[in-house]
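So the sequence lines, in the order shown, correspond to chains V and X. Mapping of the first sequence onto the numbering used here: position 5 corresponds to residue 5, and the numbering continues sequentially without gaps. To get the numbering used here, take the position in the second sequence, counting from 1, and add 1000. We put the CB at the ideal spot given by N, CA and C, even for glycine. Just so it is clear, the structure is predicted and the values come from calculations on it, not from any experiment.
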Amino acid sequence: MGLFKFFSKKNSKSIAKDRLKVLLISDRVDCSPEMMEMIKNDIIRVISKYMEINEQETDIHIKQSVTIDKKGYAASICANVPIKNVRGQRA
Amino acid sequence: MSEVIVVTSGKGGVGKTTTTANVGTGLAKMGKKVVLIDTDIGLRNLDVVMGLENRIVYHLVDVVEGNCRMKQALIKDKRYHNLFLLPSAQTRDKSAVNPQQMKQLIEELRDEFDFIILDCPAGIEQGFQNAIAGADRAIVVTTPEVSAIRDADRIIGLLEAMDMGRMDLIINRLRMDMVRRGDMMSVEDVVDILGIDLIGAVPDDENIVISTNQGEAVVGNQTLAGQAFYNICARILGHEVPFLDLAAKRSFLVRFTGLLKRS
């Protein structure tokens, strides 16, 4: 992005649109960082019951995606949970 | 069968009152019986925009409190025999009326009118709740600016949460020269972000200021804004009207006025 900005001056409309999209996601979700942390810890606890996961590298974030009718954007919650090992069973 | 439309925006100063006046006048010109209700208690403005400020005797709060009959408070517009205004109170505040009372008031008007159009105050507090309480559908007005679009998005969220029957978008104060330069979001950009149906785009037109100075509506006259509002009224009535090519007309006007200046 930095390089892109350096080489071609972005017009102010694109800046406005990009700012708005990011702004609206947080507006629409209305979710505090503390709540995100709580959701993350709960997800770790649930998955840990079944799998050995890398807790340090687990990351959840809210991202923007196009709605099914392709008419607008909706926020969705994305969790990235690296699996180290599957617990028990065959061992 | 009557239809109750609330004109709302969240942000102030984007053109709710101008839109209400022009849509109401336009529908009346098309032969519908229309009443406009100013729900902005304490900051009454629709009467001034309509040029009816000298004819107010009773107002919305008087009707709700039973100080007068509905008929006494309705101001008949002398220019259009089927256009009426129910003005707001200037010396009271939003808490003078509650959503339940608004619903009753609207029910009383339904038998009499084809369209009941509510001019909503800015904000999302009680005034907004009062205005949307009895509405069948909403027109959300915004301008192509970050702050106005953000507020419109919030309003759309609130209207969705209360199951508003239908929502349509008006994008006001478009400047096609700036859109072409890439310095203003286009109609498509705004529709893309807000994700509700577009019912009209109104260009930034100095004739709006001129007509508001005179207490008259522009709808239906030869100005670009006048045509845009006329088309919006036709779409409200369910007619398929193609969107104005603002760019073409604007450039023609610019060229034309350029010629005049040179000669």
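Between residue 49(V) and chain X, the shortest Cβ-Cβ separation is not below 8 Å. By the C-beta criterion, the stretch 1163-1173 of chain X is judged not to be in contact with the stretch 32-45 of chain V, since fewer than 3 inter-stretch pairs fall below 8 Å.
Following the DSSP letters along the chain, one finds residue 1018(X) inside the alpha helix (DSSP H) bounded by residues 1016-1029.
Judged by beta-carbon spacing, residue 1137(X) lies beyond the 8 Å limit of residue 1240(X), meaning their Cβ atoms are not closer than that value. Taken in chain order, the members of the stretch 1130-1147 of chain X whose beta-carbon sits within less than 9 Å of a beta-carbon on chain V are 1144, 1145, 1146. Runs of the beta strand (DSSP E) spanning 3 or more residues and lying entirely within the stretch 1068-1143 of chain X occur at 1083-1086, 1115-1119, 1137-1142, in chain order. Here residue 50(V) is exposed, its C-beta having fewer than 16 other C-beta atoms within 10 Å.
Measuring C-alpha to C-alpha distances from residue 1062(X) to each of 1101(X), 1053(X), 1046(X) identifies 1101(X) as the nearest.
Residue range 1034-1038 is occupied by the beta strand (DSSP E) that includes residue 1038(X). Along the stretch 1150-1170 of chain X, going in chain order, the ones with a CB nearer than 7 Å to a CB of chain V are 1150, 1153, 1154, 1157.
Ranking 1219(X), 1092(X), 1086(X), 1201(X) by CA distance to the CA of residue 1105(X) puts 1086(X) first.
Contact of residue 1205(X) with chain V is not assigned, every C-beta pair being separated by 8 Å or more.
Around the beta carbon of residue 1044(X), a 10 Å sphere encloses 16 or more other beta carbons of the protein chains shown; the residue is thus reported as buried. Under DSSP, residue 78(V) forms a beta bridge with 61(V). No residue range can be given for residue 49(V), since it is assigned to no beta strand (DSSP E) and is classified by DSSP as neither H nor E. DSSP assignment within the stretch 1196-1230 of chain X yields the following whole beta strand (DSSP E) runs of 3 residues or more, N-terminal first: 1197-1203. Inclusion of residue 1011(X) and residue 1147(X) in the CB contact set at 8 Å is warranted, their separation being smaller than that value. Relative to residue 1083(X), the option among 1125(X), 1025(X), 1198(X), 1201(X) whose CA is nearest is 1025(X). Annotated as proximal: residue 1097(X) and residue 1064(X), with beta-carbon spacing under 8 Å. Membership of residue 1159(X) in any beta strand (DSSP E) is not indicated; the residue belongs instead to the alpha helix (DSSP H) covering 1146-1161. Distance between residue 57(V) and residue 1145(X), taken at the CA atoms: about 39 Å.
Residue 53(V) and residue 77(V) have their alpha carbons spaced roughly 19 Å apart. Between the beta-carbon of residue 1018(X) and that of residue 1139(X) there is about 12 Å, and that puts the pair past the 8 Å contact cut. When 1088(X), 1205(X), 1029(X) are compared, the shortest CA-CA separation from residue 1176(X) is found for 1205(X). When 7 Å is used as the limit between beta carbons, residue 1183(X) is near these residues of chain V: 11, 12, 13, in chain order. Ranked by how close their Cα comes to the Cα of residue 1075(X), the residues 1128(X), 1034(X), 1211(X), 1165(X) have 1034(X) in first place. The three-state reading of DSSP puts residue 1244(X) in coil, since its state is none of H, G, I, E or B. Secondary structure at residue 1172(X): strand, using DSSP grouped into helix, strand and coil. Between the beta-carbon of residue 1141(X) and that of residue 1032(X) there is about 20 Å, and that puts the pair past the 8 Å contact cut.
DSSP, read as helix, strand or coil, puts residue 85(V) in strand.
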